[in-house]
Ligand code: ADP
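Numbering (this note's numbering), first residue to last: 729 to 1176.
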């Protein structure tokens, strides 16, 4: 493997380009017309325009990406997160074209990517999960029947869903029909798959996820957990590691579940197994993401393992350079997602950055793609940077994050930096008592 094409944009494309450069690999960036001035297109050794702004015709356009790989002579593709990263068909096309897809096999992606199928695999692998359907719901009547069996509240979820969308919480029989139909319609429109399933809804859970890394030789290691309980509409806003509530023994138990799941399907590559945790610290399998995640730097900071570098090495066929014993969790890391949006209404706020100064200092990391004079375009996700801090303890990490947020100057557009400051100052967050409903309950966001 000598040349890697990065089928993505923004901060993750840059993150991957960095890892490639450190490994002495050549890089090919692809970009849409709207991203002509994007940093990822400037930093790669070669850059190829693959279509107009609209994702469907550029970053999701498989023929255009494969043509770029062919023209540039790339022998591997890194999909990043989002876009085609969990598209099994894309991984299959790569395989047929003799290009290494940096990730698991299409078969593994199919088994674990669809949430209904993943629940069944998790069951076979012996993981605990919430009561719910074993298959996609046939109709609203089946949904009602199951909901009565499970007991309200329940949650209807799109099997092909992601990004916190395609979910409906239902509290009683009367709302089932409408919620079921809405969920199906939304799922069909957003994910091209109208399959919906049902599971028990937990009122105030924590979101705890395990980072996995597996090579092609059967070695699977977990790198501890991240707590992503600060969420707005089921979408992560702040992530941290380790989870302030877990003991090393509990970590080993949950990590063991994740490893068992990966081993069950012979998984290779980076992956994340997501769990919900209740007040008694019981965990329930929720889903597996078969790709690198936005919040991966949290794990990198507390374990010292470069996850993107490892992904590439594993794809090349190398054995993991560490065993489970080598993974020691050290200190505490927090990540704030910096979005171009109004800090009160959360409306996207694209535009030109008229002045820019990023924070710095010991234990402060910025993974972003914006710069002075850059224009944030309206076509994509509003996340423009990730601010990550590391310190010896959680308390010191929070303080460091506050200092870093205070230093972060981005003029010309609105960002959610003021919002992060307020969340960090809230006693519930500071004491680590918050659940996934925290932002709603504390009045930061309106309940939907
Ligand atoms: P996505 O793939 O869209 O990220 P997930 O299945 O990972 O969806 O769920 C995202 C979030 O939605 C969770 O972190 C949690 O806050 C909420 N959620 C999902 N399932 C449940 C459930 N059964 N009970 C309570 N909250 C849930």
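We put the beta carbon where it would ideally sit given N, CA and C, even for glycine.
Burial state of residue i, where buried means 16 or more other Cβ atoms lie within 10 Å
i            : result
residue 1010 : exposed
residue 1019 : buried
residue 1139 : exposed
residue 822  : buried
residue 1075 : exposed
residue 812  : buried
residue 1073 : exposed
residue 1181 : Because the chain spans 729 through 1176 in this model, residue 1181 falls outside it and cannot be assessed.
residue 799  : exposed
residue 1123 : exposed
residue 1151 : buried
residue 851  : exposed
residue 964  : buried
residue 1063 : buried
residue 817  : exposed
residue 970  : buried
residue 1082 : exposed
residue 1000 : buried
residue 931  : exposed
residue 1008 : exposed
Identified DSSP bridge partners for residue i
i            : result
residue 934  : 1005
residue 1072 : DSSP, once it has assigned bridges, lists no residue as partnering residue 1072.
residue 760  : 779
residue 1084 : 1138
residue 1130 : Looking at the DSSP assignment, residue 1130 forms no beta bridge with any residue, so it has no partner.
residue 1077 : For residue 1077, which the question treats as bridged, DSSP gives no partner whatsoever.
residue 1115 : 1064 and 1094
residue 939  : 1000
residue 732  : 755 and 804
Given residue i as reference, the closest of the options once Cα atoms are compared
i            : options                   : result
residue 1090 : 757, 1081, 1104 and 1029  : 1029
residue 1153 : 1138, 1133, 1164 and 1137 : 1133
residue 934  : 847, 822, 1005 and 1125   : 1005
residue 904  : 1024, 875, 1126 and 1120  : 875
residue 1107 : 872, 791 and 786          : 786
residue 761  : 748, 782 and 741          : 782
residue 1163 : 894, 1055 and 962         : 962
residue 1117 : 1060, 734 and 1098        : 1060
residue 1046 : 957, 943, 937 and 1001    : 943
residue 938  : 890, 1015, 884 and 926    : 1015
residue 1099 : 860, 1137 and 744         : 1137
residue 950  : 843, 958, 966 and 1053    : 1053
residue 980  : 1050, 1158, 1055 and 1066 : 1055
residue 985  : 994, 890, 914 and 853     : 853
residue 1027 : 1048, 940 and 1084        : 940
residue 809  : 883, 1157, 1105 and 1109  : 1109
residue 891  : 1173, 1145, 866 and 959   : 959
residue 868  : 842, 908, 900 and 847     : 908
residue 1101 : 1141, 932 and 794         : 1141
residue 879  : 1008, 1171, 1174 and 929  : 929
residue 956  : 1003, 995 and 914         : 1003
residue 824  : 1041, 844, 794 and 763    : 794
residue 995  : 1043, 975, 774 and 1032   : 1043
Chain D within 8 Å of residue i, Cβ atoms only
i           : result
residue 976 : Protein chain content of the structure displayed is limited to a single chain, and chain D is not contained in it.
Beta-carbon spacing of residue i, residue j below 8 Å
i            : j            : result
residue 1078 : residue 1115 : no
residue 1071 : residue 1147 : yes
residue 757  : residue 768  : yes
residue 751  : residue 1037 : yes
residue 912  : residue 898  : no
residue 779  : residue 807  : no
residue 849  : residue 863  : no
residue 990  : residue 948  : yes
residue 770  : residue 754  : no
residue 954  : residue 877  : no
residue 834  : residue 820  : yes
residue 828  : residue 804  : yes
residue 1095 : residue 1113 : yes
residue 921  : residue 888  : yes
residue 881  : residue 1160 : no
residue 895  : residue 906  : no
residue 802  : residue 858  : no
residue 1069 : residue 1143 : yes
residue 936  : residue 966  : no
residue 926  : residue 865  : yes
residue 1097 : residue 742  : yes
residue 772  : residue 745  : yes
residue 759  : residue 784  : no
residue 1130 : residue 1149 : yes
### Message
Please give me, in chain order, every unbroken run of the beta strand (DSSP E) with length at least 3 that falls completely inside the segment 942 to 1028.
### Response
948 to 960, 963 to 969, 997 to 1005 and 1011 to 1017
### Message
Extract the residue ranges of the beta strand (DSSP E) inside the segment 855 to 934, only unbroken runs of 3 or more that lie entirely within it.
### Response
List check, beta strand (DSSP E) in window: 882 to 886, 895 to 898 and 924 to 928.
### Message
If we require 4 or more residues per run, which alpha helix (DSSP H) segments fall completely within the segment 765 to 815?
### Response
767 to 771 and 790 to 800
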